[in-house]
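Q:
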Amino acid sequence: MFITLEGIDGSGKSTQAGLLTERLKKRFPRRSVLRTREPGGWEGGGWIRERILEGEYLHPMSELLLFLVDRCEHVRRQILPVLDAGGIVICERYSDSTMAYQSWGRGIPAERVSLLIDWCGLPSPDVTFWLDLPVRTALERLGSRGGADRFESEGEPFLERVRAGFASMADENPGRFIRSDATASPEVVSSSLFALLEESGYL
Ligand code: TYD
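3 is the number of the first residue of the sequence shown in my numbering; add one for each residue after it.
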């Protein structure tokens, strides 16, 4: 089973990935459960992650292509071996982030981004949890965390476009995309994600 967590910066994906991993490990003690993230979720990926987040490449296509290189290696080295062995993968961010940030945020035409994603021939998630919250709330959370990265410091209009991108993808993929209200407490959000997995027949 392949689960992805999506949402704007500050939506609580890491907290939810951790809680979901613990719950799934308890429920399936014999299955391997991998928690991972993009960009940089594989050995060697830290280098690409730093290059992207430090903004070393200026052309939006360079940024897009770097995310895709990172994803191909991540899938090949980390994700596929676990899925092929019948395990569970929980990944923070995946191709929907590329559509939301590089197309909706940066303005690269959607057909081009989606064509390049398709060309990579990577597996699709079974379930995508979109942790949704207002941009203002996310920025307040990030403000208290400090040290904004390249995308966090793009500002409110950029993150509003990214959020609109997630909303549009949720409309287009109702079977896979599940919107979850990320303004609630971490425990409440976590219980609702787990309940949604059970109700949808994934567990
Ligand atoms: P990260 O520190 O991992 O942020 P977060 O904890 O919010 O996931 O930084 C990843 C940044 O990269 C994040 O701002 C979103 C961006 N991103 C893209 O623009 N495109 C992508 O395809 C991916 C995977 C991430």
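Built from N, CA and C at the ideal position, the CB exists for glycine as well.
If you're wondering where the values come from, they're calculated on a predicted model, not measured in any experiment.
Quick one: grab the DSSP three-state call for Arg152.
A: Within the sequence shown, residue 152 is the residue found at index 150, counting from 1. Here Arg152 sits in coil by DSSP.
Q: Give the DSSP-derived three-state secondary structure of Glu56 in the structure shown.
A: Walking along the sequence shown from the start, residue 56 turns up at place 54. In this structure, Glu56 counts as coil in the three-state DSSP scheme.
Q: My output table needs one value for Glu45: the three-state DSSP class, helix, strand or coil.
A: In the sequence shown, the residue the question calls residue 45 occupies position 43. Correct three-state label for Glu45: coil.
Q: Leaving out the 5 sequence neighbours to the left and right, which residues in its chain are closer than 7 Å to Cys122 when beta-carbon positions are compared?
A: Locating residue 122 in the sequence shown gives position 120, counting from the first residue. These residues qualify, in order along the chain: Leu70, Arg73 and Cys74.
Q: Smallest Cα separation from Ala140: which of Leu55, Glu162 and Thr6?
A: Taking the sequence shown and counting its residues from 1, the one referred to as residue 140 is at position 138. Ranking Leu55, Glu162 and Thr6 by Cα distance to Ala140 puts Glu162 first.
Q: Under 7 Å Cβ to Cβ from Thr17, same chain only, skipping five residues before and after it: list those, please.
A: Against the sequence shown, residue 17 aligns to sequence position 15. Cβ within range, chain order: Pro188.
Q: In the DSSP output, what is Arg37 paired with across the bridge?
A: As a working note, residue 37 is residue 35 in the sequence shown. BP columns for Arg37 point to Ile92.
Q: Restricting to Cα atoms, I'd like to know which of Ala184, Val84, Met63 and Gly107 is closest to Gly12.
A: Position 10 of the sequence shown, counted from the first residue, corresponds to residue 12. Closest option to Gly12, Cα to Cα, is Ala184.
Q: Figure out for me which residue from Leu195, Val129, Ser202 and Gly203 has the closest Cα to the Cα of Arg25.
A: Walking along the sequence shown from the start, residue 25 turns up at place 23. Nearest option by C-alpha distance: Leu195.
Q: Can you give me the C-alpha to C-alpha distance between Glu174 and Ile5, rounded to a whole angstrom?
A: In the sequence shown, counting from the first residue as 1, residue 174 sits at position 172. In the sequence shown, counting from the first residue as 1, residue 5 sits at position 3. When only Cα atoms are considered, Glu174 and Ile5 end up about 18 Å apart.
Q: Rounded to whole angstroms, what's the CA-CA distance from Arg181 to Gln104? Just pull it up for me.
A: Position 179 of the sequence shown holds residue 181. Position 102 of the sequence shown holds residue 104. Near 21 Å, if we compare the C-alpha coordinates of Gln104 and Arg181.
Q: With a threshold of 7 Å, establish whether the CB of Gln104 neighbours any heavy atom of the ligand TYD.
A: The count along the sequence shown starts at 1 and reaches residue 104 at position 102. Correct: Gln104 has its Cβ closer than 7 Å to the ligand TYD.
Q: Compute the minimum distance between the beta carbon of Pro125 and the heavy atoms of the ligand TYD, and state whether it is under 7 Å.
A: The residue given as residue 125 occupies position 123 in the sequence shown. Outside the cutoff, so no.
Q: Is the CB-CB distance between Leu124 and Lys15 below 8 Å?
A: Position 122 of the sequence shown, counting from 1, holds the residue named residue 124. Position 13 of the sequence shown, counting from 1, holds the residue named residue 15. No, the pair does not count as a contact, with Cβ atoms beyond the cut-off.
Q: Excluding five sequence neighbours on each side, which residues of the same chain lie with their C-beta closer than 6 Å to the C-beta of Leu205?
A: What you label residue 205 is simply residue 203 of the sequence shown in a count that begins at 1. Answer for Leu205: Leu199, listed in chain order.
Q: Using the three-state DSSP reduction, which class does Ile180 fall into: helix, strand or coil?
A: Numbered from its first residue, the sequence shown carries residue 180 at position 178. Note: Ile180 maps to strand in three-state DSSP.
Q: Would you say the beta carbon of Phe131 comes nearer than 7 Å to a heavy atom of the ligand TYD?
A: One-based indexing of the sequence shown puts residue 131 at position 129. Within the chosen limit of 7 Å, the ligand TYD does not reach the beta carbon of Phe131 with any heavy atom.
Q: When burial is assigned at 16 or more other CB atoms within 10 Å of the CB, is Glu154 buried or exposed?
A: Taking the first residue of the sequence shown as 1, we reach residue 154 at position 152. Glu154 should be labelled buried.
Q: Starting from the C-beta of Pro111, find all residues in its chain whose C-beta is less than 8 Å away, skip the five residues before and the five after it, and write them out in chain order.
A: Position 109 of the sequence shown holds residue 111. Ser105, listed in sequence order.
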